[in-house]
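> Numbering-wise (our numbering), the sequence shown opens with residue 3 and increments by one.
Below are the C-alpha coordinates for one structure; questions will follow.
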Amino acid sequence: MLHSFNNKDGSFVYAGVVFDTSGDLWGTTSGYGSDLGSVYKLVPNQDGTWATTVLHTFLDRAVNGGVALDGAGNAYSTSSQGGNLSGCGGAGCGTVFEVVP
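Below, the structure written as C-alpha coordinates:
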(Lines of atoms letter the chains of each structure in order from A; the text may use other names.)
(Lines give C-alpha, C1' and ligand atoms only; values in the text may rest on other atoms or scores of the structure.)
Protein backbone atom coordinates (compact mmCIF):
# COMPACT_ATOMS: atom_id res chain seq x y z
CA MET A 3 0.00 0.00 0.00
CA LEU A 4 1.35 3.40 -0.95
CA HIS A 5 -1.03 5.53 1.13
CA SER A 6 -4.11 5.19 3.33
CA PHE A 7 -6.34 8.28 3.39
CA ASN A 8 -7.68 9.49 6.74
CA ASN A 9 -10.13 12.30 5.78
CA LYS A 10 -7.57 14.94 6.84
CA ASP A 11 -5.84 14.38 3.49
CA GLY A 12 -8.87 13.17 1.54
CA SER A 13 -11.52 10.46 1.42
CA PHE A 14 -13.66 8.59 -1.09
CA VAL A 15 -11.04 7.80 -3.71
CA TYR A 16 -13.01 6.69 -6.79
CA ALA A 17 -10.80 7.61 -9.74
CA GLY A 18 -7.48 6.17 -10.82
CA VAL A 19 -4.05 7.75 -10.59
CA VAL A 20 -1.54 8.91 -13.19
CA PHE A 21 2.26 9.19 -13.10
CA ASP A 22 3.94 12.45 -14.14
CA THR A 23 7.37 12.60 -15.78
CA SER A 24 9.06 12.83 -12.35
CA GLY A 25 7.52 9.56 -11.17
CA ASP A 26 5.01 11.25 -8.86
CA LEU A 27 1.43 9.94 -8.69
CA TRP A 28 -1.49 12.37 -9.08
CA GLY A 29 -5.08 11.63 -8.10
CA THR A 30 -8.32 13.00 -6.70
CA THR A 31 -10.61 12.37 -3.77
CA SER A 32 -14.33 13.09 -3.62
CA GLY A 33 -14.12 14.20 0.01
CA TYR A 34 -11.69 16.19 2.10
CA GLY A 35 -12.75 16.92 5.67
CA SER A 36 -15.89 19.00 5.25
CA ASP A 37 -14.97 19.96 1.67
CA LEU A 38 -16.07 18.35 -1.60
CA GLY A 39 -12.82 16.84 -2.78
CA SER A 40 -9.14 17.32 -3.37
CA VAL A 41 -6.34 16.86 -5.85
CA TYR A 42 -3.28 15.19 -4.33
CA LYS A 43 0.19 14.09 -5.32
CA LEU A 44 2.19 11.18 -3.91
CA VAL A 45 5.96 11.65 -4.14
CA PRO A 46 8.27 8.67 -3.60
CA ASN A 47 10.82 8.98 -0.82
CA GLN A 48 14.22 7.30 -0.97
CA ASP A 49 13.23 4.93 1.85
CA GLY A 50 10.36 3.47 -0.22
CA THR A 51 7.55 5.40 1.48
CA TRP A 52 5.43 8.03 -0.29
CA ALA A 53 4.87 11.61 0.86
CA THR A 54 1.37 13.00 0.28
CA THR A 55 0.76 16.60 -0.75
CA VAL A 56 -2.77 17.98 -1.08
CA LEU A 57 -2.51 20.41 -3.99
CA HIS A 58 -6.02 21.84 -3.92
CA THR A 59 -9.31 21.38 -2.07
CA PHE A 60 -12.76 22.28 -3.32
CA LEU A 61 -15.69 23.90 -1.53
CA ASP A 62 -17.78 24.46 -4.65
CA ARG A 63 -17.58 21.24 -6.65
CA ALA A 64 -17.63 17.49 -6.08
CA VAL A 65 -14.49 16.10 -7.72
CA ASN A 66 -15.12 12.70 -9.29
CA GLY A 67 -12.67 12.34 -12.18
CA GLY A 68 -9.06 11.29 -12.23
CA VAL A 69 -6.21 13.55 -13.29
CA ALA A 70 -5.07 13.94 -16.90
CA LEU A 71 -1.62 15.39 -17.60
CA ASP A 72 -0.68 17.05 -20.88
CA GLY A 73 2.78 17.07 -22.46
CA ALA A 74 3.72 20.25 -20.60
CA GLY A 75 2.83 18.74 -17.21
CA ASN A 76 -0.41 20.68 -16.75
CA ALA A 77 -3.05 18.75 -14.79
CA TYR A 78 -6.80 18.60 -15.46
CA SER A 79 -9.78 16.85 -13.88
CA THR A 80 -13.58 16.91 -13.73
CA SER A 81 -16.29 17.51 -11.16
CA SER A 82 -19.93 16.42 -10.96
CA GLN A 83 -21.01 19.76 -9.46
CA GLY A 84 -19.96 23.39 -9.76
CA GLY A 85 -19.72 25.75 -12.69
CA ASN A 86 -22.93 27.40 -13.88
CA LEU A 87 -25.16 27.24 -10.80
CA SER A 88 -28.38 27.84 -12.74
CA GLY A 89 -28.71 24.12 -13.52
CA CYS A 90 -28.90 20.85 -11.63
CA GLY A 91 -30.82 22.15 -8.62
CA GLY A 92 -28.54 25.13 -8.07
CA ALA A 93 -25.42 23.02 -7.47
CA GLY A 94 -24.12 23.30 -11.02
CA CYS A 95 -23.87 20.43 -13.48
CA GLY A 96 -20.11 19.94 -13.41
CA THR A 97 -16.85 21.33 -14.72
CA VAL A 98 -13.59 20.47 -16.42
CA PHE A 99 -10.82 22.34 -14.62
CA GLU A 100 -7.07 22.84 -14.59
CA VAL A 101 -5.23 22.10 -11.37
CA VAL A 102 -2.90 24.95 -10.45
CA PRO A 103 -0.90 23.93 -7.34
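In this text, a Cβ means the ideal position worked out from N, Cα and C, and glycines have one as well.
Would you call the stretch 64 to 79 and the stretch 28 to 47 in contact, with 3 or more CB pairs under 8 Å?
Yes, the stretch 64 to 79 touches the stretch 28 to 47.
> Give the range of the beta strand (DSSP E) segment to which Tyr118 is assigned.
Within the shown structure, residues of the chain are numbered from 3 to 103, placing residue 118 beyond reach of any answer.
> Verify whether the separation of the beta carbon atoms of Tyr42 and Leu61 is less than 8 Å.
No, these two residues do not count as a Cβ contact at 8 Å.
> Quick check: what's the CA-CA separation for Gly94 versus Gln48?
C-alpha separation (whole angstroms): 43 Å.
> In the DSSP assignment, the beta strand (DSSP E) including Ala119 goes from what residue to what residue?
Absent from the structure is residue 119, since the part of the chain shown begins at 3 and ends at 103.
> Considering only the alpha carbon of each residue, which of Gly89, Gly92 and Gly84 lies closest to Val98?
The candidate whose alpha carbon is nearest that of Val98 is Gly84.
> Taking Cβ to Cβ, would you say Ser40 is nearer than 8 Å to Thr54?
No, they are not a contact pair.
> Report the residue from Gly18, Tyr34 and Leu4 whose alpha carbon sits nearest the alpha carbon of Asp11.
Measuring from the Cα of Asp11, the nearest candidate turns out to be Tyr34.
> Mark Gly96 as exposed unless 16 or more other C-beta atoms lie within 10 angstroms of its C-beta, in which case mark it buried.
Counting Cβ neighbours within 10 Å, Gly96 comes out buried, since at least 16 surround it.
> Would Val101 and Ala77 qualify as a contact pair, given that the criterion is a beta-carbon distance under 8 Å?
Yes, they are a contact pair.
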